[in-house]
Amino acid sequence: AAGVIQSPRHLIKEKRETATLKCYPIPRHDTVYWYQQGPGQDPQFLISFYEKMQSDKGSIPDRFSAQQFSDYHSELNMSSLELGDSALYFCASSLVAYEQYFGPGTRLTVT
Amino acid sequence: AQTVTQSQPEMSVQEAETVTLSCTYDTSESDYYLFWYKQPPSRQMILVIRQEAYKQQNATENRFSVNFQKAAKSFSLKISDSQLGDAAMYFCAYRSAVKDTGANSKLTFGKGITLSVRP
C-alpha cells in the first residue's frame, strides 16, 4: 500500500538559511498535518490542511509557513533557521475523520 | 485544552510476557478518539491501535489491546506475548471529534514511554 512520502529525508542547513520540506500524502487522503519532534520529545502539531485549505494551526513560528497544492502535496517553508529548529519533521495524512498515517520524517539539522 | 499524561518514562518486559503501558488524559469533550503509536529506533511513527470514545468495547489488534475507562479518563495498552520487535517508544495520543471544516483533527501526544524487551 502507498505510504506518505517526505523529502528530503535529511537536511543540513546553517543558521539564518531557508529550508523547504515536502510531503506527498497517501492518494485520496484529504488532510495533511505537519508535526515537529525535538530530541527526546513528543511530536508537536504545527499546522494542518483540509482540502487544500488551512484547517488548524498549532505552535508554528511566524518564520514557518506551509501550503497544500492542487495535487494535495504540501510544503513546509522555514526561514531564518535557528539552532532550536533542529528536529524531526513529520508529515501525516488522513481521511479527515480517520486515523493519521505518518511519513518517515525529515531530519533537519541546523548548524 | 486537552492533555495526555504518560507518567512512566520507561518499562521493561521479558520476552513472551505481558506488559501494560498506562495513559491518562484530561478533556471536557464527550466525543473523541484515542490512539497508541509506536516509534521504533528508526523513528517511524506507526499506528498500533485506535479507540472511539463512544464505544464501550475495548479495541483489540492481534497481541495489542486496550483498557479504556472513560469515566476515569484512562487508556492503557496491553501487549501480550511480547516480542523483541516490540521494543520502542510508545506514545498515547488524543484527537477531538472532527468538525466539518476539518478543524480539530490534530493529535495531542503524551511524553511517551520507552519499552525494552529482555530476551
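Going down the list, the protein sequences come from chains A and B.
Numbering follows the working numbering, in which position 42 of the first sequence is assigned residue number 66; successive positions increment by one, without gaps.
Numbering follows the working numbering, in which position 93 of the second sequence is assigned residue number 351; successive positions increment by one, without gaps.
Built from N, CA and C at the ideal position, the CB exists for glycine as well.
All values derive from a computational prediction rather than experimental measurement.
Per the C-alpha coordinates, the member of A:A43, A:K76, A:A90, A:T130 positioned closest to A:H53 is A:K76. Under a 10 Å Cβ-count criterion, B:T366 is classified as buried, with 16 or more other Cβ atoms of the shown protein chains found around its own Cβ.
When secondary structure is reduced to three states using DSSP, A:D86 falls in the coil class, being assigned neither helix nor strand.
Contact of A:S72 with chain B is assigned, a C-beta pair being separated by under 9 Å. Fewer than three pairs of CB atoms, one per stretch, sit closer than 8 Å, so the stretch 42-57 of chain A makes no contact with the stretch 334-343 of chain B. One finds nothing in chain A with a Cβ atom closer than 8 Å to the Cβ of B:L373; even the nearest lies about 15 Å away. Residues of the stretch 280-301 of chain B with a C-beta less than 7 Å from any C-beta of chain A: F293, R301, listed in chain order. Within its own chain, the residues whose Cβ lies closer than 7 Å to the Cβ of B:V356, once the five positions on either side in sequence are excluded, are N362, S363, listed in chain order. With fewer than three CB-CB distances shorter than 8 Å, the stretch 267-276 of chain B does not count as touching the stretch 97-116 of chain A. By the neighbour-count criterion, in which a residue is buried when 16 or more other Cβ atoms sit within 10 angstroms of its Cβ, B:R353 is buried.
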